[in-house]
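K.L.:
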Amino acid sequence: MQDRALLVKCYYECDSNERRALQKFRTVRGKRRGPMTSQGLRKMMAQFQATGLLSVAPGRGRNSVTKEAVALAVEEAAMDRGRAT
Numbered sequence: 035m036q037d038r039a040l041l042v043k044c045y046y047e048c049d050s051n052e053r054r055a056l057q058k059f060r061t062v063r064g065k066r067r068g069p070m071t072s073q074g075l076r077k078m079m080a081q082f083q084a085t086g087l088l089s090v091a092p093g094r095g096r097n098s099v100t101k102e103a104v105a106l107a108v109e110e111a112a113m114d115r116g117r118a119t
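Quick note on our numbering: the sequence shown kicks off at 35 and runs consecutively.
(1) Should the segment 97-113 be regarded as contacting the segment 36-55, the criterion being three or more beta carbon pairs within less than 8 Å?
(2) Closer than 8 Å is the cut-off here; do at least three beta carbon pairs connect the segment 57-64 with the segment 37-46?
(3) Check for me: the alpha helix (DSSP H) holding Ser89 runs from which residue to which?
(4) Quick one: grab the DSSP three-state call for Val104.
(5) On the three-state DSSP scale, how would you describe Thr61?
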């Protein structure tokens with residue numbers, strides 16, 4: 035999140051020039067390669083200007099498994115084993 039804020043700052047300091055903003059960001063951070071391409075920065079800035087937010091949408095992630103679901107699955111497996119014998 036801090037990198038994104040710094041990128042926005044560099045973008046506006048460089049008069050909306052994506053390449054110069056990325057180059058300045060790399061110089062400030064001491065990195066050889068940046069976090070994104072100039073096209074990615076352009077897309078991020080369009081979203082920032084439209085919404086005013088720098089947040090990243092959450093990914094798909096894993097489905098949550100409750101303790102009750104695990105206990106039920108264990109009981110069913112035990113019952114199936116009992117029927118098989």
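Quick reminder that beta carbons are idealized off the backbone N, C-alpha and C, glycines included.
P.N.:
Judging by the given coordinates:
(1) As far as the Cβ criterion goes, the segment 97-113 does not touch the segment 36-55, which means the pair count is below three.
(2) Verdict: yes, contact present.
(3) Following the DSSP letters along the chain, one finds Ser89 in no alpha helix (DSSP H), marked with neither H nor E.
(4) Three-state DSSP puts Val104 in a helix.
(5) In this structure, DSSP gives Thr61 a helical state, which the three-state scheme calls helix.
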